[in-house]
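Student:
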Amino acid sequence: MYNQNYLKKQTPEQAKVTFSRDKGFLGSGCTHDMYVNNEKVFSIRSNEIATIYLEPKYYIFRLETGGGMCPNIATSQETEVKPGQR
Numbered sequence: 024m025y026n027q028n029y030l031k032k033q034t035p036e037q038a039k040v041t042f043s044r045d046k047g048f049l050g051s052g053c054t055h056d057m058y059v060n061n062e063k064v065f066s067i068r069s070n071e072i073a074t075i076y077l078e079p080k081y082y083i084f085r086l087e088t089g090g091g092m093c094p095n096i097a098t099s100q101e102t103e104v105k106p107g108q109r
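Be aware that the sequence shown starts at 24, since it is given in the numbering used here, and climbs by one per residue.
1) Leaving out the 5 sequence neighbours to the left and right, which residues in its chain are closer than 6 Å to Pro55 when beta-carbon positions are compared?
2) Look at Gln37 and Glu78 and say whether their C-beta atoms are less than 8 Å apart.
3) Alpha carbon to alpha carbon, how far is Gln108 from Ile72? Give it in angstroms, no decimals.
4) Give me the Cβ distance between Thr34 and Thr74, rounded to the nearest whole Å; I'm assuming they're in contact under 8 Å.
5) Just grab the DSSP bridge partners of Val64 for me.
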């Protein structure tokens, strides 16, 4: 975890956002870095789950992987987080 502020719910309006990664063999040696609005928030490995809390607003989530035997891949998803959403 790169930014500890995302780990605890700080206001009632914050939404819980959970990211999970499969446990398959392919790609299991690669770490994926997750960015929220261009800020690196955490890295996730095979079979891990990460939960963060976000204020209600518009976000861009970006996933990056690469280095060593892992392919250089980046993908992003845009979403609007609503108060108390799960």
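Just so you know, even glycine gets a beta-carbon here, dropped at the ideal spot from N, CA and C.
Tutor: Taking the structure as given:
1) In the sequence shown, residue 55 corresponds to position 32, counting from 1. Pro is not the amino acid found at residue 55; the sequence shown has His there. The answer, listed in chain order, is Ile67, Leu86 and Thr88.
2) As a working mapping, residue 37 is identified with position 14 in the sequence shown. As a working mapping, residue 78 is identified with position 55 in the sequence shown. Yes, the Cβ-Cβ distance between Gln37 and Glu78 is below 8 Å.
3) As a working note, residue 72 is residue 49 in the sequence shown. As a working note, residue 108 is residue 85 in the sequence shown. When rounded, the distance between both Cα atoms is 18 Å.
4) Mapped onto the sequence shown, residue 34 falls at position 11. Mapped onto the sequence shown, residue 74 falls at position 51. That pair is no contact at about 16 Å.
5) Stepping through the sequence shown from its first residue, residue 64 is reached at position 41. The bridge partners DSSP lists for Val64 come to none.
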